[in-house]
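Heads up, the thing below is written out as structure tokens.
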Amino acid sequence: MRERQPMTQTMKISDVRGQLNTLVNRVYRKETRIVVEKSGIPVAAIVSTEDLKRLDQLDQEHADHFAVIDDIRAAFKGVPHEEIERETDRITAEIRADGRRQRNEPAPAR
2 MRERQPMTQT MKISDVRGQL NTLVNRVYRK ETRIVVEKSG IPVAAIVSTE DLKRLDQLDQ
62 EHADHFAVID DIRAAFKGVP HEEIERETDR ITAEIRADGR RQRNEPAPAR
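Under the numbering used here, residues 2 to 111 are what the sequence shown spells out, in order.
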């Protein structure tokens, strides 16, 4: 069963100052996450270390995914867009045909 996410509470920085110890304890107990506002603008958050680890992991996964995209982009540098599109269409049709053959389905009428 999935653990319930804590509610998010928005507070002015002046209010946070006087209650920091209490707020940190509530965050630690997973009762809340705090968005800290300064002059009505969200400027920071107080979250559990578990939330921070999860955020760091997501950041790393995004960086890894973009690195793969950059590698693919570099591999096709200088190849005309039209050629990439033609090859993509050809490969897609080939993969679909293989799938139909494996399922013993007839080819679509053209």
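For glycine and all other residues, C-beta sits at the position ideal for the given N, C-alpha and C.
With distances taken between CB atoms, is the gap from residue i to residue j smaller than 9 Å?
i     : j     : result
Ile1  : Arg34 : Residue 1 lies beyond the residue range present for the chain, which begins at 2 and ends at 111; the question has no answer from this structure.
Thr9  : Glu38 : no
Ser49 : Val28 : yes
Ile14 : Val44 : yes
Tell me, which residues are paired with residue i by DSSP?
i     : result
Gln10 : Ile35
Ile47 : Ile35
Ile42 : Lys39
Can you give the beta carbon distance from residue i to residue j, rounded, assuming they're within the 8 Å contact cut?
i     : j      : result
Phe77 : Ile85  : 6 Å
Ala98 : Ala108 : 7 Å
Who are the near neighbours of residue i in its chain, counting only those whose CB is closer than 6 Å to its CB and skipping five residues on each side?
i     : result
Val17 : Val37
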